[in-house]
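Chains as they are written, first to last, in the numbering used here: chain A, 62 to 313; chain B, 62 to 313.
We put the CB at the ideal spot given by N, CA and C, even for glycine.
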DNA sequence: GCATGGATTTGACTTAAGTCAACGACCCGC
DNA sequence: GCGGGTCGTTGACTTAAGTCAAATCCATGC
């Protein structure tokens with residue numbers, strides 16, 4: 062996880078080869094002049110782990126895409142109960158064309174770099190470049206599927222299944238790891254969330270998260286090395302514990 | 062709730078003035094020749110309350126929009142646990158361009174009429190008519206917001222708050238009702254779901270749903286007349302019980 | 001009217017997860 | 001090496017919601 066302490070542009074070279082808005086997210090099929098337009102518009106912002114990117118209700122005059130690091134979308138009730146409603150991983154898109162305030166708190170859970178575009182010109186470009194809108198529709202539909210899968214988890218799974226599901230999802234999102242799961246080999250993952258954030262994501266308390274992790278460890282489903290590093294000796298076993306059928310989950 | 066028993070086209074006059082795909086959902090801004098294209102492509106299907114429209118995993122070669130009635134999207138675990146992940150009300154869109162199997166069970170909970178389009182020509186038209194894709198993106202973003210609001214409900218609300226939230230949402234979705242809520246007048250709603258379906262939507266058991274409805278009745282928050290008809294004497298009181306801040310919920 | 005069956009309610013009891021509180025592990029600055 | 005703070009674990013107890021089992025309600029057909 063690379064260290065990027067300031068909150069400014071130009072820490073990343075202007076020819077940002079990995080900028081996901083350009084290469085993976087929005088503009089995968091654009092021709093070069095459109096790429097150039099995007100290039101002119103974009104700027105970068107970085108955040109340290111724990112910093113808030115934006116508060117729900119604040120004015121949000123940009124859309125963005127995660128370059129490195131992880132952020133969460135959180136909803137809060139007046140009495141303080143909190144639910145994480147989305148994880149933002151590299152290449153994920155944030156922000157809604159056609160709305161000018163944030164609907165959720167966005168928080169960096171690791172050090173984070175985002176690639177931003179001012180909303181107005183982005184929207185104009187969406188009109189003139191249909192590919193972008195189409196790509197955005199695809200991504201939004203994927204997010205909707207992920208949200209619905211998560212609704213099943215929140216509404217129907219036990220605490221143990223929730224923890225197993227979370228680990229399975231984190232493993233699957235990691236390309237190098239997912240090759241190993243297919244090969245039936247042991248898998249190593251790094252949890253990008255504190256126990257408290259896991260609890261907020263899974264609709265549990267942090268004590269329950271801790272107890273269920275201990276239980277999965279006791280039962281040999283996972284091994285912990287330190288607080289964040291997990292070894293999964295048998296990924297299929299983890300999937301059984303998650304309550305998903307063998308190949309259902311393709312979340313977040 | 063109008064009775065439409067068969068499962069066929071042409072029960073609705075071919076000049077279907079209320080077809081939501083044409084008028085409200087997808088094509089709100091189309092010019093007349095595009096309307097004509099859509100007119101050529103569409104057909105209708107009706108279902109009785111309780112019938113299944115399509116099973117998760119089945120081939121789905123159409124997209125559709127609800128004309129009248131209500132349907133649910135349900136996810137099921139192998140052991141039979143079920144979670145409703147979406148309500149489809151009139152004008153809501155179903156189906157995903159770019160995928161050819163259904164991701165969820167779709168079930169009619171009341172008698173239902175849907176307006177369908179074969180997927181292939183619809184997709185072609187999306188490419189040639191950017192407005193449609195843009196409208197679809199907007200609708201998908203609204204659904205995503207609704208799903209995320211529901212995640213907060215599933216993960217953090219008590220059974221009593223869940224029931225109150227459901228009633229508030231049903232009331233708000235009804236235009237004639239929502240005028241009355243603003244005027245501070247008593248509100249009447251008809252529950253479009255059985256107790257079991259409410260339980261599946263709220264992540265509860267049907268016994269808990271029943272008990273909490275009784276409790277809200279006992280406490281004067283609602284009055285029941287029969288099993289489905291609800292009177293809400295004080296809508297703000299119901300909102301307090303729902304745990305939402307005064308104006309947060311704008312859900313499915 | 002009366003039997004039938006599905007939907008709903010209610011009661012008695014159980015249990016998974018939450019709450020409150022103490023304790024342990026680790027990191028950082030001095 | 002020594003506090004002090006954050007994060008995580010564990011234990012003892014409570015509670016909201018689930019489970020199992022009986023009623024009750026009500027629409028329907030005979």
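Worksheet item: Does any residue of chain B bring its CB to less than 8 Å from the CB of residue 74/A?
Response: Per-residue confidence for residue 74/A stands at a pLDDT of 31, beneath the threshold of 50, marking its modelled position as unreliable; the derived number appears in the next sentence. Residue 74/A does not count as touching chain B.
Discussion item. Cutting at 6 Å between CB atoms, please list the residues of its own chain near residue 124/A, excluding the five before and the five after it.
Written reply: Cβ neighbours of residue 124/A beyond the five flanking positions: 156, 178, 180, 183.
Item to complete: Examine chain A for any beta-carbon lying closer than 8 Å to the beta-carbon of residue 122/B, and answer yes or no.
Response: Taking Cβ atoms only, chain A never reaches closer than 8 Å to residue 122/B, which makes this a no.
Discussion item. For residue 92/A and residue 185/A, I'd like the C-alpha separation in whole angstroms.
Written reply: Since pLDDT at residue 92/A reaches only 40, below the 50 mark, its modelled position is unreliable, and the value read off the structure follows with that caveat. About 17 Å.
Worksheet item: According to DSSP, which residues form a beta bridge with residue 284/A?
Response: DSSP lists 292/A as partners of residue 284/A.
Discussion item. Looking at chain A, is there any beta carbon in it that lies within less than 8 Å of the beta carbon of residue 221/B?
Written reply: No - not a single Cβ of chain A is within 8 Å of the one on residue 221/B.
Item to complete: Just the C-alpha distance for residue 162/A and residue 295/A, rounded to the nearest angstrom, thanks.
Response: Taking the straight line joining both Cα atoms gives about 44 Å.
Item to complete: Check the DSSP bridge columns for residue 251/B and list the partner residues they point to.
Response: Here residue 251/B is bridged, per DSSP, to 290/B.
Worksheet entry | Separation of residue 205/B from residue 103/B, as counted between CA atoms | Taking the straight line from one Cα to the other gives about 26 Å.
Item to complete: Kindly say whether residue 211/A, judged by its beta-carbon, lies nearer than 8 Å to any beta-carbon of chain B.
Response: By this cut-off, residue 211/A is an interface position.
Discussion item. Below 8 Å on the Cβ atoms is my contact criterion, and I expect residue 302/B with residue 221/B to pass it. Report the Cβ-Cβ distance as a whole number of Å.
Written reply: Right, the Cβ-Cβ distance comes to about 7 Å (below 8 Å), so this counts as a contact.
Discussion item. Let's test the definition: count the other Cβ atoms within 10 Å of the Cβ of residue 244/A and tell me whether it reaches 16, buried, or not, exposed.
Written reply: With fewer than 16 neighbouring CB atoms inside 10 Å of its own CB, residue 244/A falls in the exposed class.
Worksheet entry | Cutoff 8 Å: residue 228/B Cβ touching any chain A Cβ | No, its Cβ sits nowhere closer than 8 Å to a Cβ of chain A.
Practice prompt. Look at the Cβ atom of residue 226/A, then the Cβ atom of residue 173/A, and state whether they are nearer than 8 Å.
Written response: Note that the C-beta distance between residue 226/A and residue 173/A is not below 8 Å.
Worksheet entry | Members of the region 124 to 140 of chain B near chain A, C-beta cut-off 7 Å | Listed by position along the chain: 136, 138, 139.
Item to complete: Spell out whether any CB of chain A is found under 8 Å from the CB atom of residue 247/B.
Response: Answer no: the Cβ-Cβ gap between residue 247/B and chain A never drops below 8 Å.
Fill in: Close beta carbons around residue 194/B, own chain, < 7 Å, minus the five adjacent residues each side
The residues are 187.
Worksheet item: Below 8 Å between beta carbons: does that hold for residue 132/B and residue 114/B?
Response: Between residue 132/B and residue 114/B, the gap from beta carbon to beta carbon is short of 8 Å.
Discussion item. On the CB-based measure, 16 or more other CB atoms within 10 Å of its CB, does residue 293/B come out buried or exposed?
Written reply: Looking at its Cβ environment, which holds 16 or more other Cβ atoms inside 10 Å, residue 293/B is buried.
Fill in: Within chain B, the residues that residue 5/A reaches when beta carbons sit closer than 7 Å
Outside the shown range of chain A, which is 62 to 313, sits residue 5/A, and nothing can be said about it.
Item to complete: Identify whether residue 160/B lies in helix, strand or coil by the three-state DSSP scheme.
Response: Three-state result, residue 160/B: coil.
Discussion item. Is residue 254/A close to chain B? Criterion is C-beta to C-beta, closer than 8 Å.
Written reply: No - not a single Cβ of chain B is within 8 Å of the one on residue 254/A.
Worksheet item: Does residue 306/A get closer than 8 Å to chain B when you measure Cβ to Cβ?
Response: Cβ-Cβ to chain B under 8 Å: yes for residue 306/A.
Practice prompt. Please go through the same chain and pick out, in chain order, the residues whose beta-carbon is closer than 8 Å to the beta-carbon of residue 85/A, but skip the five residues on each side of it.
Written response: Bear in mind that the predicted position of residue 85/A carries a pLDDT of just 42, short of 50, making it too unreliable to give a figure here.
Worksheet item: Taking Cβ to Cβ, would you say residue 250/B is nearer than 8 Å to residue 224/B?
Response: Going by C-beta atoms, residue 250/B is not nearer than 8 Å to residue 224/B.
Fill in: Cβ separation of residue 201/B and residue 149/A, assumed to be a contact under 8 Å, to the nearest whole Å
About 18 Å; that fails the 8 Å criterion.
Discussion item. Counting only Cβ pairs nearer than 7 Å, list the residues of chain A close to residue 272/B.
Written reply: Those do not exist, as residue 272/B stays about 18 Å from chain A at its closest Cβ, beyond 7 Å.
Worksheet item: So is residue 126/A buried or exposed if we call it buried at 16+ other beta carbons inside 10 Å?
Response: Under a 10 Å Cβ-count criterion, residue 126/A is classified as buried, with 16 or more other Cβ atoms of the shown protein chains found around its own Cβ.
Worksheet item: Taking the alpha carbon of residue 159/B as the point to measure from, which residue in 288/A, 198/A, 304/A has its own alpha carbon closest?
Response: The residue from 288/A, 198/A, 304/A with its alpha-carbon nearest to that of residue 159/B is 198/A.
Item to complete: Rank 105/A, 269/A, 304/A by C-alpha distance to the C-alpha of residue 175/A and give the top, closest one.
Response: Cα-wise, what sits closest to residue 175/A is 105/A.
Worksheet item: Does the distance from the C-beta atom of residue 299/B to that of residue 240/B stay below 8 Å?
Response: Taking 8 Å as the Cβ cut-off, residue 299/B and residue 240/B do not qualify as a contacting pair.
Discussion item. Here's the rule I'm using: 16 or more other beta-carbon atoms within 10 Å means buried, otherwise exposed. How should residue 210/B be labelled?
Written reply: The residue is buried, with at least 16 neighbouring Cβ atoms inside 10 Å.
Discussion item. I want to verify the contact list: residues of chain B whose CB lies under 9 Å from the CB of residue 114/A, in sequence order.
Written reply: Residues of chain B passing the Cβ test: none, with the nearest at roughly 17 Å.
Worksheet item: In chain A, which residues lie less than 7 Å from residue 164/B when you measure between Cβ atoms?
Response: For residue 164/B, the chain A residues whose Cβ falls inside 7 Å of its Cβ are 206, in order along the chain.
Discussion item. For chain A, check one thing: does any of its Cβ atoms lie closer than 8 Å to the Cβ of residue 156/B?
Written reply: Not closer than 8 Å to any Cβ of chain A, the Cβ of residue 156/B fails to qualify, so no.
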